[in-house]
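Letter by letter, the sequence shown follows residues 0 to 433 of numbering that gives the first Met the number 0. Take a look at the structure below.
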Amino acid sequence: MNEELDSTYKKLKADILFVHAPAFYDFREESKVYFPFFSTSGDIPITPLYDSFPLGFKTLQRFLTDREFDAKILNLTSLLLIYPGIDIESLLRDVDVKVFGIDLHWMVHVQGSLETASLIKRIHPCVPILFGGISATYFADELIRYPFVDFVMRGYDTHLPMAKLLEALKEGLALKAIPNLLWKDKQGNIIDNGLSHFPSNMLTGIDWSNMPGVSKKSLFPITDIVTVENSGCIHKCGWCGGSGDAFKRINRCSHTLVQKDMAQYEYEMKKIKEIPGNDTYNLYTCGSYNQSDDRLESILSCISESNLKSIIYDQYHLTSDDILKSMVKANDKTVINLSPQSHDLRISKLSGRGSYNMEEMERWIERALEFGIFEIDIWFFIGMPEQSEKSVLDTVDYCNKILNHFKGKRVIPYICPMIPFLDPGSTFFENPGR
């Protein structure tokens, strides 16, 4: 093992260690290729092993640290990629933590997360293992039955329940009053505390100022930051586990969207500005399609002061002229992602999109480029409802048309399969026969 790395992790102590597992463990012993959700495009800085951990790790770290708990994050995936010869069992044996928290957000890393949890339990049989995330919430009843899983913390916002759990474990208090917790007692009995914690807004922004430095020796430095403006969604795309319908279904709540408090968004942009060399970073905003024009203008005002290299926005509708101008004013390297799913309007509507046809989109692209939008990426997918082989090939032909029509203008169409899993909790997952 690398001596410097060994020295660092021998000192690792924490009240809770959040561990992000690879999509497949142990990929170092395999020669196969594993694909993450939505594959890996130029806009998604992850490997096929899904090494991006959920943003919830960062917000939980800040929330728990503010309450004097020592919360640390171990990105096991990145560690294995950077140090392929590392002895993971030795590393895990040397850490001293009170709880291991493992994310099961998207199903692409279900094998990796379960295998990692099993490995940790063999090494630390007396240390509780906790799961959380979208898929963990959906499959909580199944997860808790694994012998190496002690807790499942369910819900879209688990900050307060997590603080209560750590406090109870620290003080030896009863766990029955902790909301959203599914757990086992000392006899192995499964106890469900119920889901009752449903905050009306997101009150914890991320402190990005402590981003690790980018090595000048790195051939492919990742200088991307992802922010979310909300949890849930106002749209109802049937394939998406983050849609409004899926949000209600998975979290057993009545609302479809929870917005981030604007003060917290301002906090994040302020912290981004404090990153050394932040003008080399790209910001990907996740959720801008859920914002009203007034709220989006407030977000753009924050972004304009962040001094970032470039910004990426996902848009459901064709963005209005006024918002396009504001985006360019906020950052002159603005990239917009459109996801019609199919060139065929009927199939696009069946997939949950279809708010514009291709002729309307092409006219909008011309206008957006004139306003100064730096790049427009158009996403098409294979696996949409009633999509035939011919339809897919027609979409490929349409992509060629787009490339020719906008040659040299940074208009880039993508087409990729919806692999490898259909999101649990999505409408299509719940109603496969339809």
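Here a beta-carbon is modelled for each residue, glycine too, at the ideal position from N, C-alpha and C. Since the model is a prediction, treat every value here as computed from it, not as a measurement.
Would you mind sorting residue i into buried or exposed? The rule is 16 or more other CB atoms within 10 Å of its CB.
{"i": "I15", "result": "buried"}
{"i": "G41", "result": "Note that G41 has pLDDT 38, beneath the 50 cutoff, so the model's placement of it is unreliable and the number below is only indicative. Result: exposed."}
{"i": "A245", "result": "buried"}
{"i": "P160", "result": "buried"}
{"i": "L129", "result": "buried"}
{"i": "S291", "result": "exposed"}
{"i": "Q186", "result": "exposed"}
{"i": "L172", "result": "exposed"}
{"i": "A262", "result": "exposed"}
{"i": "H316", "result": "exposed"}
{"i": "F36", "result": "In this prediction, F36 scores a pLDDT of 40, lower than 50, which makes its location untrustworthy; the coordinate-derived value is nonetheless stated afterwards. F36 comes out buried."}
{"i": "G55", "result": "buried"}
{"i": "K57", "result": "buried"}
{"i": "D293", "result": "exposed"}
{"i": "N200", "result": "exposed"}
{"i": "N399", "result": "exposed"}
{"i": "R341", "result": "A small correction: the amino acid at residue 341 is Ser; Arg does not occupy that position in the sequence shown. Its Cβ being crowded by 16 or more others within 10 Å, S341 is buried."}
{"i": "D278", "result": "exposed"}
{"i": "P412", "result": "buried"}
Pull up the distance between the alpha-carbon of residue i and that of residue j, whole angstroms please.
{"i": "K446", "j": "Q60", "result": "The structure shown has nothing for residue 446, since the chain only spans 0 to 433."}
{"i": "D393", "j": "N250", "result": "38 Å"}
{"i": "I298", "j": "G371", "result": "19 Å"}
{"i": "C285", "j": "V225", "result": "7 Å"}
{"i": "M268", "j": "R433", "result": "43 Å"}
{"i": "C415", "j": "V391", "result": "10 Å"}
{"i": "V227", "j": "Y312", "result": "11 Å"}
{"i": "K406", "j": "T203", "result": "43 Å"}
{"i": "I233", "j": "V257", "result": "10 Å"}
{"i": "N330", "j": "I310", "result": "7 Å"}
{"i": "V98", "j": "L164", "result": "10 Å"}
{"i": "D321", "j": "S195", "result": "41 Å"}
{"i": "L80", "j": "E359", "result": "44 Å"}
{"i": "K389", "j": "N336", "result": "25 Å"}
{"i": "I364", "j": "A20", "result": "40 Å"}
{"i": "F138", "j": "S242", "result": "17 Å"}
{"i": "Y24", "j": "D102", "result": "14 Å"}
{"i": "I122", "j": "F147", "result": "11 Å"}
{"i": "D69", "j": "N209", "result": "16 Å"}
{"i": "V109", "j": "E369", "result": "45 Å"}
{"i": "F427", "j": "L421", "result": "8 Å"}
{"i": "D65", "j": "Q314", "result": "34 Å"}
{"i": "N179", "j": "E166", "result": "15 Å"}
{"i": "C301", "j": "L295", "result": "10 Å"}
{"i": "H158", "j": "T222", "result": "27 Å"}
{"i": "F34", "j": "Y280", "result": "Its pLDDT being 47, under 50, F34 is placed unreliably in this model, and the value from its coordinates should be taken loosely. The alpha-carbon atoms of F34 and Y280 are separated by roughly 25 Å."}
{"i": "V151", "j": "P198", "result": "19 Å"}
{"i": "R366", "j": "S77", "result": "41 Å"}
Would you mind stating whether residue i and residue j have Cβ atoms separated by less than 7 Å?
{"i": "Y155", "j": "S230", "result": "yes"}
{"i": "I375", "j": "V410", "result": "yes"}
{"i": "K235", "j": "G351", "result": "yes"}
{"i": "L307", "j": "L282", "result": "yes"}
{"i": "L181", "j": "I119", "result": "no"}
{"i": "S347", "j": "W378", "result": "no"}
{"i": "W207", "j": "K270", "result": "yes"}
{"i": "G240", "j": "G424", "result": "yes"}
{"i": "V18", "j": "L90", "result": "no"}
{"i": "V327", "j": "T333", "result": "yes"}
{"i": "V478", "j": "A13", "result": "Because residue 478 is not part of the residues shown, which for the chain are 0 to 433, the question remains open."}
{"i": "S303", "j": "K272", "result": "no"}
{"i": "P384", "j": "L344", "result": "no"}
Using DSSP bridges, identify the partner residues of residue i.
{"i": "A70", "result": "I15"}
{"i": "I101", "result": "V18 and F130"}
{"i": "K183", "result": "I189"}
{"i": "Q314", "result": "L337"}
{"i": "Q258", "result": "N200 and N229"}
{"i": "Y413", "result": "W378"}
{"i": "C285", "result": "V227"}
{"i": "D156", "result": "Bridge partners of D156: none, in fact."}
{"i": "F150", "result": "L129 and W182"}
{"i": "V96", "result": "A13"}
{"i": "S387", "result": "Answer is none; S387 lacks a bridge partner."}
{"i": "D309", "result": "Correcting the residue identity first, residue 309 is Ser in this sequence and not Asp. In DSSP, S309 forms a bridge with N281."}
Assuming residue i and residue j form a contact by the criterion Cβ under 8 Å, report the distance between their Cβ atoms to the nearest whole angstrom.
{"i": "R153", "j": "E429", "result": "Wrong, their Cβ atoms sit about 18 Å apart, outside the cutoff."}
{"i": "A22", "j": "G111", "result": "5 Å"}
{"i": "H104", "j": "G132", "result": "4 Å"}
{"i": "W238", "j": "M106", "result": "Not a contact, Cβ separation roughly 13 Å."}
{"i": "F62", "j": "A162", "result": "7 Å"}
{"i": "L168", "j": "V94", "result": "Not confirmed; about 17 Å, so no contact."}
{"i": "K183", "j": "I189", "result": "6 Å"}
Does any C-beta atom of chain C lie closer than 7 Å to the C-beta of residue i?
{"i": "P146", "result": "Within the model displayed, chain C is absent; a lone protein chain is all it includes."}
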